[in-house]
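Visitor:
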């Protein structure tokens, strides 16, 4: 899922079966369960739309097949995986930071400084993201990027609190 945006459960299961050498039927059941019980409820993956189909049950033809994509938090969780190449991990973090910068124009300069800092030393900042992912999974922080933003806040005087709300130096 980290590779291709907007994938259906079926395409994720096929990729997983191919990469891990599993039967498709086993991987589909696993993907379905993980999406429904863990990834979607915890904000790591979100439904990004529905793809129309002309085959299958009528209800599915009418509503379409759901497709999913990683959220910003999901991209950071994926970027914390050592199994991915460093370049791919860096690309995912940059995409997340750029998304946050454009989504909140008032904080654009802050996110630009975080992005510049990240680019100057990606290995160190990836360690902060790994810490954030651990805390996020344990439910201690609202978003896995918070430790990185708190560290940068020390440099710029602006940042985000552990509940995910923005704050400015006063």
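Residue numbers (my numbering): 2 to 171. Glycine included, each C-beta is placed from N, C-alpha and C at the ideal position.
#1: In whole angstroms, give me the CA-to-CA distance for residue 123 and residue 95.
#2: Kindly indicate which residue of 109, 25, 108, 39 has the alpha-carbon position closest to the one of residue 138.
#3: Can you tell which of 48, 65, 98 has its C-alpha closest to the C-alpha of residue 57?
#4: Go through its chain and collect everything with a Cβ distance to residue 109's Cβ below 6 Å, but skip five positions before and after it.
#5: For residue 36, is the classification buried or exposed, using 16 other Cβ atoms within 10 angstroms of its Cβ as the cut-off for buried?
#6: For the segment 130-144 against the segment 76-90, do three or more pairs of beta-carbon atoms, one drawn from each stretch, fall closer than 8 Å, so that the two count as touching?
#7: Do residue 49 and residue 70 have their CB atoms nearer than 8 Å?
Guide: Inspection of the coordinates gives the following:
#1: Taking the straight line joining both Cα atoms gives about 10 Å.
#2: Checked all of 109, 25, 108, 39; the closest Cα to residue 138 is 39.
#3: For the options 48, 65, 98, the alpha carbon positioned closest to that of residue 57 is the one of 65.
#4: For residue 109, same chain residues with a beta-carbon under 6 Å away, outside a window of 5 residues either side, are 102 in chain order.
#5: It counts as buried.
#6: Contact between the segment 130-144 and the segment 76-90 is present: 3 or more CB-CB pairs across the two stretches fall below 8 Å.
#7: Cβ atoms of residue 49 and residue 70: closer than 8 Å.
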